[in-house]
Amino acid sequence: MAAACLLESGCLVTVFVKDAGGEADGTGGGSGSVGSDDQVSQETGSSASTSGTTGEPTSEGFGVTVDVDFDLGEQEDWNSCSLVRVPCDGDSEDIDHALGINCDGGLQTEGALTWSGPAGSRLVVDQVLGTTEVYAPTEGSRRVALSTGDASHLLLTLPEMPDLGNCPVSQTCPSTDWPGADLDELPPPMVAKAKQCEEDEPVGVPGDCSQTIESQWLLGGDMMKAYDYTELRFSAVAPLGTAGFAFDFAFLTAEFPPRFPGGYNDLFVAWVASERYTGNIALDPDGNPIGAVTLPYTIKLDEMPAGCGDECVDIPLREFAFEGRAGTAWYQSEIGIDPGESIEVVFALFDVGDAIVDSVVLLDGVRWQCAPPPSSL
Numbered sequence: 004m005a006a007a008c009l010l011e012s013g014c015l016v017t018v019f020v021k022d023a024g025g026e027a028d029g030t031g032g033g034s035g036s037v038g039s040d041d042q043v044s045q046e047t048g049s050s051a052s053t054s055g056t057t058g059e060p061t062s063e064g065f066g067v068t069v070d071v072d073f074d075l076g077e078q079e080d081w082n083s084c085s086l087v088r089v090p091c092d093g094d095s096e097d098i099d100h101a102l103g104i105n106c107d108g109g110l111q112t113e114g115a116l117t118w119s120g121p122a123g124s125r126l127v128v129d130q131v132l133g134t135t136e137v138y139a140p141t142e143g144s145r146r147v148a149l150s151t152g153d154a155s156h157l158l159l160t161l162p163e164m165p166d167l168g169n170c171p172v173s174q175t176c177p178s179t180d181w182p183g184a185d186l187d188e189l190p191p192p193m194v195a196k197a198k199q200c201e202e203d204e205p206v207g208v209p210g211d212c213s214q215t216i217e218s219q220w221l222l223g224g225d226m227m228k229a230y231d232y233t234e235l236r237f238s239a240v241a242p243l244g245t246a247g248f249a250f251d252f253a254f255l256t257a258e259f260p261p262r263f264p265g266g267y268n269d270l271f272v273a274w275v276a277s278e279r280y281t282g283n284i285a286l287d288p289d290g291n292p293i294g295a296v297t298l299p300y301t302i303k304l305d306e307m308p309a310g311c312g313d314e315c316v317d318i319p320l321r322e323f324a325f326e327g328r329a330g331t332a333w334y335q336s337e338i339g340i341d342p343g344e345s346i347e348v349v350f351a352l353f354d355v356g357d358a359i360v361d362s363v364v365l366l367d368g369v370r371w372q373c374a375p376p377p378s379s380l
């Protein structure tokens with residue numbers, strides 16, 4: 004177990020190591036999903052509490068995660084909680100079901116799950132990615148991909164990219180620009196400006212308690228523009244007895260290493276607004292935000308001996324779109340919540356610096372937790 008403090012934010016940060024959880028067009032929605040293409044939702048939300056987790060590869064298939072947990076208040080009693088989730092994406096291509104949402108025993112949204120951004124930027128994926136099970140779903144049989152480009156290109160191999168992915172071999176691929184999908188600011192309730200968050204601070208003050216978004220976004224230059232913006236969002240009320248919210252994610256980018264170092268820091272933000280915390284909770288084991296050029300990638304193309312075989316660290320990226328690029332393993336992010344409170348969650352992904360060269364985030368296993376994050380015990 005290791006401990007670290009995130010940017011001296013005043014939040015309690017505890018790092019734990021533990022095991023992680025284990026093609027259809029996602030533009031349509033089922034009974035629990037509603038889409039809004041090529042425009043950004045402007046719903047407002049309450050404010051909230053947070054914790055993140057990440058992982059590094061192991062010889063058994065990159066299955067170790069590290070939990071970064073920060074908590075801003077005491078937890079209520081959770082000993083009576085009992086959650087039995089039943090995956091419901093076996094025969095469903097709905098985005099919410101692929102995430103593990105609105106299934107029996109699982110997290111139920113308050114209203115419909117919504118999305119905005121280009122229709123092609125999201126995809127429900129049941130295919131194997133590459134030659135390993137590293138990016139297999141963590142729950143059920145499907146996961147959701149959000150992309151700053153065309154999400155379906157995730158399934159292509161590099162030889163297929165020039166024709167099927169409209170990306171010449173002379174360019175860094177995959178790469179798609181979505182004209183008209185660029186924003187000058189993040190949609191409410193997200194506010195990129197960093198703020199200091201203390202336990203007794205009143206909720207509802209605009210800003211990011213993680214203090215990660217603004218500094219990372221500025222790496223793309225003084226003109227902070229969210230290129231090729233895409234998002235998923237939902238609200239939910241925590242059942243009585245529950246004490247945490249969690250989800251799994253993996254980040255893949257074509258920006259690294261071809262355009263590193265540079266300001267093309269494509270950014271994944273997992274915004275949570277609740278009664279005790281408001282801000283980004285997507286972090287790596289060291290508290291780094293999930294940005295294309297800021298992560299210490301453990302799955303990437305390294306210089307290898309000529310005879311490099313199955314021991315190469317980039318094996319999980321081979322034979323799909325991010326071969327020779329970089330990615331993380333599945334990470335788990337979790338936060339403490341108050342039973343009975345309403346939270347708003349926004350999964351947002353956007354290009355930083357320019358609108359070309361794609362990054363993808365895989366999402367799965369959205370869930371309530373009976374036990375609070377370790378720092379809340």
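In the working numbering, the protein residues as written are 4 to 380. Every residue gets a Cβ at the ideal spot worked out from N, C-alpha and C, and that includes glycine.
Given a threshold of 16 other Cβ atoms within 10 Å of its Cβ, counted over all protein chains shown, does D70 qualify as buried or as exposed? Low local confidence applies: a pLDDT of 40 at D70 is under 50, so the model's placement there is unreliable, with the coordinate-based value given in what follows. D70 comes out buried.
Anticipated Cβ contact below 8 Å, R328 with A257, distance rounded: Their Cβ separation, rounded to whole angstroms, is 5 Å, which keeps R328 and A257 in contact under 8 Å.
In whole angstroms, what separates the C-alpha of L261 from that of V363? Note that residue 261 corresponds to Pro in the displayed sequence, not to Leu. Note on geometry: alpha-carbon atoms of P261 and V363 lie some 16 Å from one another.
Quick one: give me the first and last residue of the beta strand (DSSP E) that L126 is part of. Per DSSP, L126 belongs to the beta strand (DSSP E) from R125 to V128.
Have a look at V355 and F271 and give me their C-alpha separation to the nearest angstrom. Near 10 Å, if we compare the C-alpha coordinates of F271 and V355.
Considering only the beta carbon of each residue, do I216 and N283 sit closer than 9 Å? Yes.
Nearest candidate by alpha-carbon position, reference P288, set A332, D97, P191 and L352: With distances taken between Cα atoms, P288 lies closest to A332.
Taking a contact to mean a Cβ-Cβ separation below 9 Å, would you say G152 touches W118 in this structure? A distance of 9 Å or more separates the beta carbons of G152 and W118.
Are the Cβ atoms of D92 and P140 separated by less than 9 Å? Yes, the pair counts as a contact, with Cβ atoms nearer than the cut-off.
Simplified DSSP assignment, three categories, for L304: L304 sits in coil when the DSSP states are folded into three classes, being neither helix nor strand.
Any chance the region 167-177 sits against the region 187-204, with 3 or more Cβ pairs inside 8 Å? No contact exists between the region 167-177 and the region 187-204.
Return the chain-ordered list of same chain residues with a C-beta closer than 7 Å to the C-beta of W220, the five sequence neighbours on each side being excluded. Cβ within range, chain order: A195, M227, L270 and V355.
Between the CA atoms of D361 and R125 - distance to the nearest angstrom: Just so you know, the alpha carbons of R125 and D361 end up roughly 13 Å apart.
Could you give the DSSP three-state label for G223: helix, strand or coil? If DSSP states are grouped into helix, strand and coil, G223 belongs with the helices.
Alpha-carbon spacing of G330 relative to D313, whole angstroms: Rounded to whole angstroms, G330 to D313 spans 18 Å at the Cα level.
Extent of the continuous beta strand (DSSP E) to which D92 belongs: For D92, no beta strand (DSSP E) run applies, since DSSP gives it neither H nor E.
Go ahead and label W352 buried or exposed: buried means 16 or more other beta carbons lie within 10 angstroms of its beta carbon, across all protein chains shown. It should be pointed out that residue 352 corresponds to Leu in this sequence rather than to Trp. Under this definition L352 is a buried residue.
To the nearest angstrom, how far is it from the Cα of E63 to the Cα of V240? For E63, the pLDDT reaches just 32, beneath the cut-off of 50, and the residue's location in the model is therefore unreliable, leaving the point undetermined.
Which residue's Cα is closest to the Cα of E113: P121, G120, A246 and D99? The candidate whose alpha carbon is nearest that of E113 is D99.
In this structure, how does DSSP classify P292 when only helix, strand and coil are distinguished? Three-state DSSP puts P292 in a strand.
Measure the Cβ-Cβ separation of F252 and D97 and say whether it is below 9 Å. Cβ atoms of F252 and D97: not closer than 9 Å.
Using the rule of at least 16 other Cβ atoms within 10 Å of the residue's Cβ for burial, across every protein chain shown, is S213 buried or exposed? Buried, by the Cβ-count rule.
Three-state secondary structure (DSSP) at A241? Taken through DSSP and simplified to helix, strand or coil, A241 comes out as coil.
Per DSSP, what kind of secondary structure is I104 in: helix, strand or coil? Coil, per DSSP.
Give me the Cβ distance between P376 and G244, rounded to the nearest whole Å; I'm assuming they're in contact under 8 Å. Going by Cβ atoms, the distance from P376 to G244 rounds to 16 Å, so no, they are not a contact pair.
Tell me which residues share the same chain as L132 and place their Cβ nearer than 6 Å to its Cβ, disregarding the 5 neighbours each side in the sequence. Cβ neighbours of L132 within its own chain (closer than 6 Å, five residues either side excluded): Y138 and F323.
Using the Cα positions of T297 and A246, report the straight-line distance between them to the nearest angstrom. Approximately 31 Å, taken between the alpha carbons.
I need the DSSP call for S178, collapsed to helix, strand or coil. Of the three classes helix, strand and coil, the one that applies to S178 here is coil, per DSSP.
Rounding to the nearest angstrom, what Cα-Cα distance links Q45 and M193 in this structure? Residue placement at Q45 cannot be trusted, given a pLDDT of 34 that sits under 50; the coordinates are not used to answer.
Please state whether DSSP places D99 in a helix, a strand or coil. Correct three-state label for D99: helix.
Measuring alpha carbon to alpha carbon, tell me which residue in C315, I359, F254 and G108 is nearest C373. The candidate whose alpha carbon is nearest that of C373 is G108.
What did DSSP end up calling E337 once you bin it into helix, strand or coil? Correct three-state label for E337: strand.
Given that a residue counts as buried once 16 or more other Cβ atoms are within 10 Å of its Cβ, and exposed if not, what is D317? Only buried fits D317, as 16 or more other CB atoms lie within 10 angstroms of its CB.
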